[in-house]
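Shown next, in C-alpha cells, is the structure this report addresses.
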Amino acid sequence: MIFQKETVYQTTKSWIHEIGQVIRTEIDQPRDIDTKTNANDLVTEMDKKVEQFFAEKIRSTYPDHQILSEEGFGDNVTSLNGTTWIIDPIDGTMNFVHQKRNFAISVAIFHDGIGEIGFVYDVMADVLYAAKQGEGAYKNDEQLKPLDEKKQLTESIYMLNTLWTTDNPIVDEVKIRELVKTVRGVRTYGSAALEFCYLAEGIVDGYVSFKLHPWDFAAGAVILHEVGGVLKHAEGHALSFLNQEPLVAGHKDIVEATLEHYLVLK
Ligand code: 2AM
Ligand code: CA
Ligand code: CA
Ligand code: CA
C-alpha cells in the first residue's frame, strides 16, 4: 500500500484538535476513575472515550491500518509491517485526574517499521509538538532547533521517576543515585510523551524509564529523532516499539554517559 504521508498528517492533526477541544470543555466534569494494575494506576472514562474516537476515525478512514493502543480499542499488533498507529489517548492520566494539566494525546504513525509521523498534544496548554520523518520537528509553528553539539552530564537536567532511586527489582538504585548526584538537576513531569518533547526542545537533556509501553514514547521518539536526539533500550540496542521496554533517551552524549556508567539492569 502507498502511504499518503501528507494527507494522513493533516487528517490526524485535525482529529487531535477536535478531540482536544472536547477534553478542555469537559475538564471540570466529575470523573469516573478506575484502577488497573495497582491503586495508583488510573484510567478514566475520558481515556477510553479519546481512544475510541481515534479507533473509529482510523477504522472508517484507513481500514487496512492497524492500531496499537493502551485502553483496549486497538488490535493485537505483533509486527510493524504496513501502517501502524501507536496511540496513547491520555498520557499522564494521574496528572489529568489530579492536576487537570500536563497530560498529552500521543499519536505516532509507523509505516513498514519506520516512525513517519509523531504528534504529542499538550491539551490544556494547546501546544502541539509534531514531526514528519526527515522534515523536522515543530512546537506549534516554531521549528525546533537541532540539539547542541556537545553536552556534559554535570551540566544537564535529567528526568526520572524518583522510585528508581529506591529499592526496586529492575535497576541498580545505587548507580541511579550516583546519576542524581552527578547531574545539575532532576525533574519528573509525569507524562513520558511530553518528557520526550522536552528532550526535543533541549530544555532537559536525559531521561530514563524502565516500564514504558510503545504508546508512551513512539510519537515522542519521532519528534526527538528530528532534532538529533537518541533513544535506546537500557541494554544499548534499538527498541522494538512492540513491547514494554526499559529505555534511555535524550542528547547523544548524555545517553552514552548514562549507558556507560549509571544504568545497570538487575
Ligand atoms: P499513562 O498516564 O498513559 O498511564 C508517568 O511517569 C508515565 O508512566 C506516563 O507516561 C504514564 O502513562 C506511564 N505509566 C503510568 N502507569 C504506569 C505503569 N503502571 N507502568 C508503566 N508505565 C506507567
Ligand atoms: Ca495508563
Ligand atoms: Ca502513557
Ligand atoms: Ca494513557
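If you want my numbering, it's the 1-based position in the sequence shown plus 4.
A virtual CB, placed ideally from N, CA and C, is assigned to each residue, including glycine.
task: May I have the straight-line CA-CA distance separating GLU264 from ILE258, to the nearest angstrom?
output: Rounded to whole angstroms, GLU264 and ILE258 show a C-alpha spacing of 10 Å.
field: Runs of alpha helix (DSSP H) wholly within the region 244-269 (minimum 4 residues, chain order)
entry: Listed in chain order, the complete alpha helix (DSSP H) runs (minimum 4 residues) inside the region 244-269 are 256-265.
field: Rounded C-alpha distance that separates TYR193 from LYS270
entry: Looking at the backbone, the Cα of TYR193 and that of LYS270 are separated by about 25 Å.
field: Contacting residues, own chain, Cβ-Cβ under 8 Å from THR65 (five flanking each side not counted)
entry: So the qualifying residues of the chain are THR15.
Backbone secondary structure at LEU164 - three-state DSSP: LEU164 falls in the coil class under three-state DSSP.
query: For HIS69, is the classification buried or exposed, using 16 other Cβ atoms within 10 angstroms of its Cβ as the cut-off for buried?
result: With 16 or more other CB atoms across the displayed protein chains lying within 10 angstroms of its CB, HIS69 is buried.
query: Going straight from the alpha carbon of GLU182 to that of GLU205, what length do you get?
result: In this model, GLU182 and GLU205 are separated by some 26 Å (Cα to Cα).
query: In whole angstroms, what is the alpha-carbon distance linking GLU230 and GLY138?
result: Computed Cα separation, rounded: 7 Å.
task: Report back the beta-carbon spacing between GLY122 and GLY224 to the nearest angstrom; my notes put them in contact at under 8 Å.
output: The Cβ separation is near 7 Å, so the contact holds.
query: Of all the beta strand (DSSP E) runs that stay within the bounds of the region 126-176, which reach a length of 3 or more residues?
result: The region 126-176 contains these whole beta strand (DSSP E) runs: 131-136, 141-143, 161-163.
task: Please name the residue or residues paired with VAL212 in a DSSP beta bridge.
output: Note: VAL212 sits in a beta bridge opposite VAL252.
- request: Between the Cα of ASP145 and those of ALA59, GLU153, PHE107, TYR133, spot the shortest distance and give me the residue it belongs to.
  value: For ASP145, the nearest C-alpha among the options comes from TYR133.
- prompt: Distance, Cα to Cα, TYR202 vs THR41?
  reply: Whole-angstrom Cα-Cα distance: 28 Å.
- prompt: How would the residue list near ligand 3 read, in chain order, if you kept each one whose beta-carbon is closer than 5 Å to any heavy atom?
  reply: Those residues are ASP92, ASP95, ASP220, given in chain order.
task: Compute the Euclidean distance between the alpha carbons of VAL252 and ILE23, then round it to the nearest angstrom.
output: Distance between the alpha carbons of VAL252 and ILE23 is about 31 Å.
Three-state secondary structure (DSSP) of LYS236: Strand, per DSSP.
Alpha helix (DSSP H) runs contained entirely in the region 45-104, provided each spans 4 or more residues: Runs found: 49-65, 97-102.
message: Once the 5 residues before and after TYR13 are set aside, which same chain residues still bring their CB inside 7 Å of it?
response: Excluding residues within five positions, the ones whose Cβ falls inside 7 Å are ILE121, LYS136.
message: Tell me which residue opens and which closes the beta strand (DSSP E) that HIS217 is part of.
response: Per DSSP, HIS217 belongs to no beta strand (DSSP E) and is neither H nor E.
task: Using 7 Å as the cut-off, classify the Cβ of GLU74 as near or not near the heavy atoms of ligand 1, replying yes or no.
output: At least one heavy atom of ligand 1 is nearer than 7 Å to the Cβ of GLU74, so yes.
message: Using C-beta distances below 6 Å, list every residue in its chain close to VAL234, excluding the 5 sequence neighbours before and after it, in chain order.
response: Excluding sequence neighbours, VAL234 sits near LYS256, VAL259.
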